[in-house]
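Encoded as structure tokens, the structure appears first; notes follow it.
In the numbering used here, the protein residues as written are 2 to 217.
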């Protein structure tokens with residue numbers, strides 16, 4: 002609906018046309034951004050599916066091995082074996098810009114590069130299944146961290162896609178039509194005023210001619 006509060010002047014018409022041009026350009030940019038966000042989102046979904054399957058398989062192996070270890074070892078011995086871990090892990094996070102969205106990137110480093118440090122016990126009193134369980138968990142840890150990154154990225158991208166979609170719709174279905182209607186309203190008013198001026202000028206001309214020459 003056109004706004005009837007604007008003054009139907011050529012200055013207002015030029016301003017409305019400039020706003021429409023800016024809104025149209027912004028609409029195109031936002032649509033391009035939305036499409037690229039959707040493309041990135043679909044890639045992340047595929048990556049998430051693959052990582053989730055990998056993590057679930059790794060955790061399944063670890064749980065199966067731990068169940069066997071719990072069956073062949075006493076609860077006291079199992080608890081004592083895992084009571085004092087030797088290895089420690091530091092997790093670091095930095096932000097990466099993806100289409101104006103700050104998404105996290107995780108990295109980790111262990112206190113020691115010795116792979117045997119993940120086993121906090123001696124091998125004499127423990128079972129091989131416990132070794133398998135801890136080994137599977139250790140190998141799955143990096144995938145779990147990557148899965149956390151991917152899922153957080155999915156969440157942030159989905160929020161940005163929804164926000165961008167609303168802006169595109171607001172421009173496409175509300176703001177741009179209103180600007181076009183306003184331009185049409187001002188143009189019609191200016192044309193109406195111009196026709197009125199021409200009619201008045203013709204009447205003035207006729208009046209002058211009649212007074213000067215007696216024309217009717």
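We put the beta carbon where it would ideally sit given N, CA and C, even for glycine.
Short of 8 Å in beta carbon distance, which residues of its chain neighbour residue i, apart from the five on each side in sequence? Order them along the chain.
| i | result |
| --- | --- |
| residue 92 | 107, 108, 109 and 146 |
| residue 11 | 191 |
| residue 143 | 109 |
| residue 168 | 31 |
| residue 198 | none |
| residue 194 | 9 |
| residue 27 | 172 |
| residue 50 | none |
| residue 85 | 121 |
| residue 35 | 162, 165, 166 and 169 |
Between which residues of its own chain and residue i is the CB-CB distance below 7 Å, once the five residues before and five after are set aside?
| i | result |
| --- | --- |
| residue 45 | 151, 154, 155 and 158 |
| residue 88 | 111, 112, 113, 118 and 119 |
| residue 20 | 180 |
| residue 48 | 151 |
| residue 134 | 63, 66, 67 and 70 |
How would you label residue i, buried or exposed, when you count the other beta carbons within 10 angstroms and need 16 or more for buried?
| i | result |
| --- | --- |
| residue 201 | exposed |
| residue 23 | exposed |
| residue 160 | exposed |
| residue 96 | exposed |
| residue 94 | exposed |
| residue 162 | buried |
| residue 41 | buried |
| residue 90 | exposed |
| residue 209 | exposed |
| residue 205 | exposed |
| residue 122 | buried |
| residue 1 | The question about residue 1 has no answer here: the residues shown for the chain are numbered 2 through 217. |
| residue 14 | buried |
With distances taken between CB atoms, is the gap from residue i to residue j smaller than 8 Å?
| i | j | result |
| --- | --- | --- |
| residue 17 | residue 187 | yes |
| residue 60 | residue 165 | no |
| residue 63 | residue 137 | yes |
| residue 52 | residue 172 | no |
| residue 126 | residue 67 | no |
| residue 100 | residue 37 | yes |
Give me, in chain order, the residues of the same chain whose beta-carbon lies closer than 6 Å to that of residue i; leave out the 5 immediate sequence neighbours on both sides.
| i | result |
| --- | --- |
| residue 128 | 70, 73 and 74 |
| residue 131 | 70 |
Per DSSP, residue i forms a beta bridge with which residues?
| i | result |
| --- | --- |
| residue 109 | 92 |
| residue 98 | 103 |
**Prompt:** Hey, which unbroken runs of the alpha helix (DSSP H) at 4 residues or more fall wholly within the segment 6-86?
**Reply:** 11-73 and 76-82
**Message:** For a minimum of 3 consecutive residues, which ranges assigned as the beta strand (DSSP E) are wholly contained in the segment 161-195?
**Reply:** none
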